[in-house]
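First up is the structure itself, then whatever we jot down about it.
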Amino acid sequence: MHIRKLIDNNKGLFSIEAAMIIPMIIAVIMLLIWLSIFFYNRSVLSEVASRAAICGSQNAELENTEIVDYVTDKVIELSDNKLIFLDSLSCEVTVEANQIKVNLTGSMSIPPFINLFNLYENNLFEISITESATRLKNSMFIRTVYRLSNLTNKD
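When the sequence shown is numbered by our numbering, its final residue is 1108 and no position is left out of the sequence of numbers.
Below you can see the structure in the form of structure tokens.
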């Protein structure tokens, strides 16, 4: 009879279960939020790099150093107030004979609950994006458009 009372007495059992499960649920939710911010920043950096490379390719008549300055300014303009929790952003622009490459690198701090086992010693997670565009000279662009218009007008 005494054992039966102990089995039927469930007072406080819910509190103990909640104390064990709720911190894990909160940690999973925070991890999902951090991952969504990470992928958002990665998407924004990819868009900024590709748009800046395209803008630089449209100014192909400029000197290489002028294109590098223009693309760097464009990266700053396009990424202004769009990145969340990104600690540092570095931009490297390479102008070759007919290619413009934009490499953007940023780092995000890893929250302590994710880095419990010190997998990342410096608590930073790097995001690196490289995009390129073909350098178009104005005369080549006009010729290409003219050829395409002639192809469509033959019918």
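Virtual Cβ for every residue (Gly too), placed ideally from N, Cα, C.
Between Ser1062 and Leu1077, the CB-CB gap stays under 9 Å. Per DSSP, the continuous alpha helix (DSSP H) segment holding Leu998 begins and ends at 966 to 1011. By the Cβ criterion, the segment 1039 to 1054 is in contact with the segment 1015 to 1029, since at least three pairs of Cβ atoms, one from each stretch, lie closer than 8 Å.
Membership of Asp1026 in the alpha helix (DSSP H) is indicated by the continuous run 1017 to 1032. Distance from the CA of Ser1085 to the CA of Ala980, rounded to the nearest whole angstrom, comes to 38 Å. Under DSSP, no beta-bridge partner is assigned to Val1098. With respect to the C-alpha of Leu1039, the residue from Leu988, Gly1009, Thr1105 having the closest C-alpha is Leu988.
The DSSP-derived three-state label of Asn1091 is helix.
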